[in-house]
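Peer 1: Residue numbers (our numbering): 998 to 1106.
Glycine included, every Cβ here is placed at the ideal spot set by N, Cα and C.
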């Protein structure tokens, strides 16, 4: 059974019961990420948001693209969707970092 880390209006992110990977469900997209891939995705989505947050003529237009895992694939978002995706990735990262700190502190006692 997966353990949900965070959810919002557009999706959720959970950790597999064995701890081997993260499952990101967002709109019509589902990704399985290794935990060490999370910072890269978080940085890519943060860069997208920062680049498009100001000056985008229509924030509801699906004109923001994130390259997919293969060269002929891209994920397409509007500004709100990029924000919601960033929220999922950041929240999951913060929870996993806090959990790691607490685990280390408990093991030192």
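Going by DSSP, which residues form a beta bridge with residue 1029?
Peer 2: Beta-bridge pairing links residue 1029 to 1020.
Peer 1: Could you pull out every residue in the same chain whose Cβ sits closer than 8 Å to the Cβ of residue 1049, ignoring the five residues on either side in sequence?
Peer 2: Taken in chain order, the residues that qualify are 1061, 1076, 1079.
Peer 1: According to DSSP, simplified to helix, strand and coil, what is residue 1104?
Peer 2: Of the three classes helix, strand and coil, the one that applies to residue 1104 here is helix, per DSSP.
Peer 1: Pick helix, strand or coil for residue 1064, following the three-state DSSP scheme.
Peer 2: Of the three classes helix, strand and coil, the one that applies to residue 1064 here is strand, per DSSP.
Peer 1: Taking CB distances under 9 Å as the criterion, tell me whether residue 1099 reaches chain D.
Peer 2: Structure shown: chain D not included; a single protein chain is present.
Peer 1: Would you call residue 1008 buried or exposed, if buried means 16 or more other Cβ atoms sit within 10 Å of its Cβ?
Peer 2: So residue 1008 counts as buried.
Peer 1: On the DSSP letters alone, give me the boundaries of the beta strand (DSSP E) that residue 1046 sits inside.
Peer 2: Segment 1035-1049 is the alpha helix (DSSP H) holding residue 1046; no beta strand (DSSP E) there.
Peer 1: Label residue 1090 either buried or exposed according to how many other C-beta atoms from any shown protein chain fall within 10 Å of its C-beta, with 16 as the threshold for buried.
Peer 2: Buried is the call here.
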